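S.K.: For reference, the structure I am asking about is given below.
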Amino acid sequence: MRTLPRAPGENRRALGDPSATPARRGAGRPAWLWLIAPSALFMTALFAWPLLVGIGQAFTGPDGFSAANLRRMVDDPYFWPAVRNTALLIVVVVPLQFALALAMALLLRERPRFAGFYFYVWVIPLAISDLAAGLVWLSIFTDRGYLNSALAHLGIDGYAWLSYQHPWSMFAAVVVAELWRATSLVFVIVVAGMQGIPRDYDEAASVFGAGYWQRLRYVLLPQLRPSLQVALILRTILALETFAVAQALTGRSMPLLVGETYQWYTVLQNPGVASAIALVILALSLLAAIGYLRLLRDRTAPR
Amino acid sequence: MRNRVGLHLACLAVTAFVGVPIYLVALAAFTSRTALNEFPVPLGPTDVSTETMRGFLATTGVTGGFLNSLMVGLATVVLTLVLGAPAGYAVARYAFRGHDSYQLLLLLTRALPIVVLSVPLARVFLRIGLYDTTYAVTLLHTALALPTAVLISSAVFVGVPREQEEAATVFGATPAKAFLRIVVPQALPGIAAVAVFTFVLSWNEVLGATILTLNQRTLPAQVLTTLSDSPLAYRFAGGLALVLPALVFIAVMRRYLLNIWGTLR
Amino acid sequence: MRSEPLKTDVTITRRTLLGLGLGAAAAPVLAACSGVSTTGTQSGPGAVNFLSTQFTPIEERQRFEKILADHVKDAKVGFNPVDASTFSTTVKSQVDAGDVKVNLIGGLHGDLAPLADKLADLDDVLSGLSDRGFASDLTELAKLGGSTTKYIPWMQATYLLAVNKKALQWLPSGADVQKLTYDQFLAWMTAAKSGNGGKPVFGFGAGPKGLYHRFFQGFLLPSFTGGQVTTFRSADAVTAWQYMKELWAQTAPASTAYDFVQEPLQRGEILVGFDHVARLAAAPKDKPDDWLMVPAPSGPKGLGYMLVIAGLGVPKGAADADRAKSVIKALTTPAIQSEVLRQNAFFPVVKGDLPAELPAPIRLEASGVQAQQGTGGAIVALPPVGVGAKDGEVAQVYKDTFKEICLDGKPIRPVLDAQAAKLNAILDQIKVACWKPDPAGTPCRVA
Chain A
257 MRTLPRAPGE NRRALGDPSA TPARRGAGRP AWLWLIAPSA LFMTALFAWP
307 LLVGIGQAFT GPDGFSAANL RRMVDDPYFW PAVRNTALLI VVVVPLQFAL
357 ALAMALLLRE RPRFAGFYFY VWVIPLAISD LAAGLVWLSI FTDRGYLNSA
407 LAHLGIDGYA WLSYQHPWSM FAAVVVAELW RATSLVFVIV VAGMQGIPRD
457 YDEAASVFGA GYWQRLRYVL LPQLRPSLQV ALILRTILAL ETFAVAQALT
507 GRSMPLLVGE TYQWYTVLQN PGVASAIALV ILALSLLAAI GYLRLLRDRT
557 APR
Chain W
11 MRNRVGLHLA CLAVTAFVGV PIYLVALAAF TSRTALNEFP VPLGPTDVST
61 ETMRGFLATT GVTGGFLNSL MVGLATVVLT LVLGAPAGYA VARYAFRGHD
111 SYQLLLLLTR ALPIVVLSVP LARVFLRIGL YDTTYAVTLL HTALALPTAV
161 LISSAVFVGV PREQEEAATV FGATPAKAFL RIVVPQALPG IAAVAVFTFV
211 LSWNEVLGAT ILTLNQRTLP AQVLTTLSDS PLAYRFAGGL ALVLPALVFI
261 AVMRRYLLNI WGTLR
Chain H
35 MRSEPLKTDV TITRRTLLGL GLGAAAAPVL AACSGVSTTG TQSGPGAVNF
85 LSTQFTPIEE RQRFEKILAD HVKDAKVGFN PVDASTFSTT VKSQVDAGDV
135 KVNLIGGLHG DLAPLADKLA DLDDVLSGLS DRGFASDLTE LAKLGGSTTK
185 YIPWMQATYL LAVNKKALQW LPSGADVQKL TYDQFLAWMT AAKSGNGGKP
235 VFGFGAGPKG LYHRFFQGFL LPSFTGGQVT TFRSADAVTA WQYMKELWAQ
285 TAPASTAYDF VQEPLQRGEI LVGFDHVARL AAAPKDKPDD WLMVPAPSGP
335 KGLGYMLVIA GLGVPKGAAD ADRAKSVIKA LTTPAIQSEV LRQNAFFPVV
385 KGDLPAELPA PIRLEASGVQ AQQGTGGAIV ALPPVGVGAK DGEVAQVYKD
435 TFKEICLDGK PIRPVLDAQA AKLNAILDQI KVACWKPDPA GTPCRVA
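Residue numbers (the working numbering), protein chains in the order written: chain A, 257 to 559; chain W, 11 to 275; chain H, 35 to 481.
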């Protein structure tokens with residue numbers, strides 16, 4: 257019987273005494289150091305100085321160290337709406353994406369005809385840049401775009417989906433566009449995770465009378481935990497970062513944190529406040545990553 | 011029977027949701043400019059013309075940009091795998107102090123919007139003399155792709171049972187040989203998936219490539235900044251031109267995308 | 035344990051290894067050359083790297099590159115149009131690092147102003163160009179608030195109203211479309227909206243990249259209050275913004291998504307648009323007889339209008355600066371200036387009559403521009419002079435004022451007071467003298 261896929265935490269048990277590992281390799285530095293070192297050195301060499309300078313800008317005023325940029329950031333009328341919109345977008349889009357990706361993976365698991373074709377089409381948005389996605393959906397939602405054209409063919413009057421006067425349809429449009437663009441990543445990770453799961457447990461559960469939803473909840477999802485964790489962390493960090501689609505659709509009518517970073521850096525030529533906002537994004541990502549790691553830690557495994 | 015019909019309908023619905031916007035972009039890129047100005051916009055290929063595509067492809071630097079993007083993409087994949095796969099292996103197999111913080115730090119470099127690093131990054135590359143070369147863009151793209159590569163490849167290696175490697179060493183194989191003959195074949199498809207993600211990331215990355223180059227730009231850097239000011243028809247043509255190579259790439263690699271966690275069952 | 039798959043694994047392994055090996059072998063070979071040129075030049079002697087924020091639309095770019103290739107014989111010019119943020123990042127990082135690869139930069143006054151301390155002095159070039167006859171306003175602006183010339187005027191444009199003749203049916207009787215007042219304009223647009231079934235016919239570029247702050251700085255406020263900064267919250271300013279609020283009610287709300295209006299005009303979404311001339315040229319291209327280009331309306335204090343100036347500069351420490359300067363001289367010759375007008379609708383800055391053979395849309399615009407500048411009582415407004423990097427923040431004040439009064443519907447007086455305080459905070463930091471149309475005097479503040 258194949259063993260279950262393990263989360264990184266579980267491997268520690270299998271290792272036993274961690275200090276046994278270096279002994280296997282012989283004298284000298286432990287193996288993991290040689291394996292990690294190139295990537296760590298590379299990232300440090302490339303990013304260390306720019307990060308110091310970039311983050312330092314957030315705290316530099318005209319007379320040296322100052323919190324003026326932070327104060328300016330907080331006083332800006334666009335900042336708090338940006339925080340609210342970013343949080344709202346993540347809270348709405350990420351669960352929807354996971355539900356959609358799971359549904360898509362489950363559909364494919366039933367092996368319909370043309371499953372290969374469906375898989376290809378459903379993976380295509382993975383390769384599409386967010387600028388191109390923004391362009392595509394703008395052409396659909398704009399006042400004289402495809403959606404209103406289709407409605408006109410049916411004899412229904414068009415609606416100004418993206419107008420600042422209709423904040424809810426604006427938000428819905430951004431949600432739909434983001435769902436389209438970014439679900440493929442989650443979908444691919446979930447499908448791959450599902451493939452490693454043996455059907456034995458599922459079949460055993462159904463022999464014992466478990467219904468579809470019960471099998472889903474108690475057999476499948478727990479085994480998907482590692483994939484879901486990876487996907488969740490990746491997706492949230494990326495979600496805090498991308499705004500090209502929202503900007504293409506709504507301009508500045510729906511400010512987002514990353515959009516404000518760009519605005520302060522490029523249009524308003526103020527790198528200090530831009531860095532301050534970037535730090536806020538960094539802090540939020542850190543919180544999210546730690547939160548997910550804690551939340552999705554495998555509590556059933558004996559430690 | 012009803013379940014199968016429902017299944018097929020659901021699959022078709024999702025395919026429509028994903029596929030229709032792509033169809034619309036392709037349609038708009040091949041519609042004549044006057045037809046695009048009408049309302050309602052034609053929803054079918056009634057007024058096909060290649061004028062915008064031809065005009066777009068005749069822009070300065072489109073072929074050069076395409077070649078540069080290709081070079082950068084392939085080089086990024088190689089460099090990312092060389093740096094990231096070993097690190098992923100280490101994260102999967104060894105529990106060392108700093109195991110979690112290493113991954114967290116890598117992820118956080120991805121979490122910072124790169125725009126605030128524009129000027130210092132450009133200065134770094136000016137100083138080391140690599141400004142305006144594909145090497146610079148490759149290095150930057152590798153740095154951007156490394157966190158995802160390490161994360162996913164560590165998950166790949168976790169999926170290869172440790173017992174097999176240990177069994178091989180018990181039977182006299184050196185750790186390196188055990189790695190090559192046992193782990194690599196099983197992990198290779200998943201590593202190929204990392205290659206796909208990395209190539210797509212590099213192909214579509216625009217901001218970094220724009221700051222680091224002047225006369226030898228990648229395709230997005232060359233085209234995207236000017237596309238947004240161009241007439242609508244060109245935006246579609248450009249959008250399609252940027253999407254097509256990625257579509258081809260995914261068609262080629264899609265088998266490997268299924269194997270992040272181990273061999274296909 | 036595993037049984038079957040191992041054999042397949044080996045096959046996959048070999049094939050995949052082969053493929054990956056080929057790819058890995060190809061990559062270094064491809065990477066041996068450091069890149070393929072995308073502008074037709076390499077960074078090296080003999081070539082001039084021209085970084086510009088203008089002519090980004092694909093067709094304008096192709097036409098300008100042809101002009102460069104045909105008319106500039108001294109050097110091979112690699113033309114590189116980019117967006118404003120890449121422009122400033124590139125120049126700043128290169129000058130700071132002391133390794134300047136860009137020889138020549140061209141941009142609007144607002145793009146060059148934040149880079150004032152990174153530009154080389156061009157007094158020698160300017161004195162060599164005395165025969166061109168630049169207007170004194172332009173050469174003053176070109177000093178960017180300092181004492182030496184920082185850029186050479188390249189081209190200019192202004193804003194006009196593009197009117198589709200279909201809209202003339204609602205023009206109030208007695209109003210001359212070439213000499214409208216703001217009140218007449220409002221009455222016209224009101225009649226047009228109700229006549230058009232409740233759909234507004236007027237639009238302007240209030241999108242994220244739209245230059246609508248120039249409309250407030252250069253047209254609305256000078257026409258109503260006579261000033262741009264000092265009169266920001268005077269009683270006349272309240273009247274101006276009250277007017278704007280009423281006008282906004284008659285404007286297409288989709289304007290907040292328009293960066294330029296020529297596409298909405300072409301599509302027929304709006305019939306009357308306000309934008310700068312280079313962005314209006316495409317609209318009448320197919321049917322020039324359906325269009326009129328008229329001057330902006332005039333207000334109680336006169337006809338305020340603002341010039342859009344583009345200039346050419348040389349970054350400090352640029353290699354091969356002499357060759358760049360010769361390209362500047364070439365670009366300011368009347369021949370090339372006329373060509374640019376013909377192809378891309380930017381007007382010359384050199385003194386001289388406009389060429390006779392102009393395409394129909396340009397001819398329309400030229401008559402509109404001449405009418406606007408020739409009007410008695412015209413008030414010339416300049417974009418902010420000497421504010422450097424704060425130009426964006428100053429512009430944001432006007433944009434936010436518009437947003438709060440017209441989009442959010444807040445009461446005018448409190449908004450003006452709050453935004454005036456913000457503007458003063460910015461101006462107090464930089465302490466510059468006021469610019470036209472405000473009376474010159476230091477430091478410039480809102481009264």
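All C-beta atoms, glycine included, are put in the ideal place defined by N, C-alpha and C.
For clarity, every value in this text was computed on a predicted model and none was experimentally measured.
What are the start and end residues of the beta strand (DSSP E) that includes Asn83/H?
M.R.: Stepping through the third sequence from its first residue, residue 83/H is reached at position 49. Counting along the chain, the beta strand (DSSP E) containing Asn83/H begins and ends at 81–86.
S.K.: Is DSSP giving Ile304/H helix, strand or coil here?
M.R.: As a first step, residue 304/H is located in the third sequence; it is residue number 270 there, counting from the start. Correct three-state label for Ile304/H: coil.
S.K.: Would the stretch 228–245 of chain H count as touching the stretch 304–316 of chain H if we require 3 or more Cβ pairs under 8 Å?
M.R.: yes
S.K.: Fully enclosed by the stretch 400–463 of chain H, which alpha helix (DSSP H) runs are 4 residues long or longer?
M.R.: 425–436
S.K.: Closer than 7 Å by beta-carbon distance: list the chain W residues that pair up with Val483/H, in chain order.
M.R.: This structure leaves residue 483/H out entirely; chain H is present only between 35 and 481.
S.K.: Buried or exposed: where does Ile201/W fall if 16 or more other Cβ atoms within 10 Å of its Cβ makes it buried?
M.R.: Locating residue 201/W in the second sequence gives position 191, where the first residue counts as 1. Buried, since its Cβ has 16 or more Cβ neighbours within 10 Å.
S.K.: Considering only their Cβ atoms, is the gap separating Thr208/W from Val87/W smaller than 8 Å?
M.R.: As a working note, residue 87/W is residue 77 in the second sequence. As a working note, residue 208/W is residue 198 in the second sequence. Closer than 8 Å, so yes.
S.K.: Taking 8 Å as the threshold (beta carbon to beta carbon), is Met329/A in contact with chain W?
M.R.: As a working note, residue 329/A is residue 73 in the first sequence. For Met329/A, the answer is no, since every Cβ of chain W falls outside 8 Å of its Cβ.
S.K.: Among all the DSSP beta bridges, which residues are the ones paired with Ser228/H?
M.R.: Taking the third sequence and counting its residues from 1, one reaches residue 228/H at position 194. Ser228/H is not bridged to any residue.
S.K.: Nearest to Ile186/H by alpha carbon, out of Ala405/H, Leu392/H, Leu346/H, Glu438/H?
M.R.: The residue you call residue 186/H lines up with position 152 of the third sequence. Looking at the Cα atoms, Leu346/H is the closest of the given residues.
S.K.: Who are the neighbours of Gly507/A on chain W, taking C-beta pairs under 9 Å?
M.R.: Residue mapping note: residue 507/A aligns to position 251 of the first sequence, counting from 1. What Gly507/A touches in chain W: nothing, since even the nearest Cβ is about 12 Å away.
S.K.: Reducing DSSP to helix, strand and coil, say where Met340/H ends up.
M.R.: By one-based count along the third sequence, residue 340/H stands at place 306. Met340/H falls in the strand class under three-state DSSP.
S.K.: With the cut-off set at 8 Å, would you say Pro486/H and Gln262/H are in Cβ contact?
M.R.: As shown, chain H starts at 35 and ends at 481. That puts residue 486/H outside it, with no answer to give.
S.K.: List, in chain order, every chain D residue whose beta-carbon is nearer than 7 Å to that of Gly71/W.
M.R.: In the displayed structure, chain D is absent; the protein chains listed are A, W and H.
S.K.: Count the other CB atoms within 10 Å of the CB of Ser275/A; is the residue buried (16 or more) or exposed (fewer)?
M.R.: On the first sequence, position 19 is the one that residue 275/A refers to. A caution first: Ser275/A carries a pLDDT of 40, below 50, which makes its placement in the model unreliable, though a value can still be read off. Ser275/A should be labelled exposed.
S.K.: Tell me, please, whether the CB atom of Thr290/H is closer than 8 Å to any CB atom in chain A?
M.R.: Counted from its first residue, the third sequence places residue 290/H at position 256. Contact with chain A is found for Thr290/H, since one of that chain's Cβ atoms lies less than 8 Å from the residue's Cβ.
S.K.: Roughly how many whole angstroms lie between the Cα atoms of Pro241/W and Met450/A?
M.R.: Position 231 of the second sequence holds residue 241/W. Position 194 of the first sequence holds residue 450/A. Cα to Cα, the separation comes out at about 45 Å.
S.K.: Alpha carbon to alpha carbon, what distance is there between Asn47/W and Gly401/A?
M.R.: Mapped onto the first sequence, residue 401/A falls at position 145. Mapped onto the second sequence, residue 47/W falls at position 37. Cα to Cα, the separation comes out at about 10 Å.
S.K.: Are Arg137/H and Ala353/H close, meaning C-beta to C-beta below 8 Å?
M.R.: Along the third sequence, read from residue 1 onward, the residue named residue 137/H stands at position 103. Along the third sequence, read from residue 1 onward, the residue named residue 353/H stands at position 319. In the sequence under discussion, the amino acid at residue 137/H is Asn, which differs from the Arg named in the question. Contact: yes.
S.K.: Considering only DSSP beta bridges, list what Trp325/H is partnered with.
M.R.: Here residue 325/H corresponds to residue number 291 of the third sequence, with the count starting at 1. DSSP lists Asn198/H as partners of Trp325/H.
S.K.: With 16 as the cutoff for other CB atoms within 10 Å, does Lys321/H come out buried or exposed?
M.R.: As a position in the third sequence, residue 321/H is number 287, starting the count at 1. Label assigned to Lys321/H: exposed.
S.K.: In angstroms with no decimal places, state the Cα-to-Cα distance between Pro417/H and Ala147/H.
M.R.: Taking the third sequence and counting its residues from 1, the one referred to as residue 417/H is at position 383. Taking the third sequence and counting its residues from 1, the one referred to as residue 147/H is at position 113. Going by the C-alpha atoms only, they are around 10 Å apart.
S.K.: Consult DSSP for Pro410/A and reduce its assignment to one of helix, strand or coil.
M.R.: Here the question's residue 410/A lines up with position 154 in the first sequence. The amino acid at residue 410/A is misidentified as Pro; the sequence shows Leu. Leu410/A falls in the coil class under three-state DSSP.
S.K.: Met360/A and Val206/W - do their beta-carbons sit closer together than 8 Å?
M.R.: Taking the second sequence and counting its residues from 1, the one referred to as residue 206/W is at position 196. Taking the first sequence and counting its residues from 1, the one referred to as residue 360/A is at position 104. Going by C-beta atoms, Val206/W is not nearer than 8 Å to Met360/A.
S.K.: Look at Phe258/H and Lys335/H and say whether their C-beta atoms are less than 8 Å apart.
M.R.: Position 224 of the third sequence, counting from 1, holds the residue named residue 258/H. Position 301 of the third sequence, counting from 1, holds the residue named residue 335/H. Yes, these two residues count as a Cβ contact at 8 Å.
S.K.: Under 7 Å between beta-carbons, which chain A residues line up against Ile201/W? List them in chain order, please.
M.R.: Taking the first residue of the second sequence as 1, we reach residue 201/W at position 191. Result: empty, since nearest Cβ-Cβ is about 13 Å, beyond 7 Å.
S.K.: Buried or exposed: Glu61/W, going by 16 or more other Cβ atoms within 10 Å of its Cβ?
M.R.: Residue mapping note: residue 61/W aligns to position 51 of the second sequence, counting from 1. Taking every protein chain shown into account, the CB of Glu61/W has fewer than 16 other CB atoms within 10 angstroms, so this residue is exposed.
S.K.: Give the interface partners of Trp336/A over in chain W, defined as CB-CB distance under 9 Å, in chain order.
M.R.: By 1-based counting over the first sequence, the position of residue 336/A is 80. Neighbours of Trp336/A on chain W: none; closest Cβ ~19 Å, over 9 Å.
S.K.: Determine, using beta carbons only, whether Phe397/A and Trp424/A come nearer to each other than 8 Å.
M.R.: If you number the first sequence from 1, residue 397/A lands on position 141. If you number the first sequence from 1, residue 424/A lands on position 168. No; because the gap between Cβ atoms is not below 8 Å, this pair is not in contact.
S.K.: Beta-carbon separation of Gly180/H and Gln525/A under 8 Å?
M.R.: Numbered from 1 along the third sequence, position 146 holds the residue referred to as residue 180/H. Numbered from 1 along the first sequence, position 269 holds the residue referred to as residue 525/A. Against a cut-off of 8 Å, the Cβ pair of Gln525/A and Gly180/H comes out as no contact.
S.K.: DSSP three-state call for Gly75/W: helix, strand or coil?
M.R.: On the second sequence, position 65 is the one that residue 75/W refers to. In the structure shown, Gly75/W sits in a helix (DSSP, three-state: H, G or I).
S.K.: Starting from Leu242/W, find everything on chain H with Cβ-Cβ shorter than 7 Å and list it in chain order.
M.R.: Position 232 of the second sequence holds residue 242/W. Ordered by position in chain H, the residues that pass the 7 Å Cβ test against Leu242/W are Glu297.
S.K.: Touch check for the stretch 89–109 of chain H and the stretch 362–375 of chain H: three-plus C-beta pairs under 8 Å?
M.R.: yes
S.K.: Do Tyr216/H and Tyr277/H come within 8 Å of each other at the CB atom, strictly closer than that value?
M.R.: Residue 277/H sits at position 243 when you count from the first residue of the third sequence. Residue 216/H sits at position 182 when you count from the first residue of the third sequence. Going by C-beta atoms, Tyr277/H is nearer than 8 Å to Tyr216/H.
S.K.: Assess contact between the stretch 137–152 of chain W and the stretch 313–329 of chain A, defined as three or more Cβ pairs (one per stretch) separated by less than 8 Å. Is contact present?
M.R.: Too few Cβ pairs lie closer than 8 Å, so no.
S.K.: Going by alpha carbons, who is nearest to Val116/H out of Ala197/W, Thr158/W, Ile221/W, Ala45/W?
M.R.: The residue given as residue 116/H occupies position 82 in the third sequence. Answer by Cα proximity: Ile221/W.
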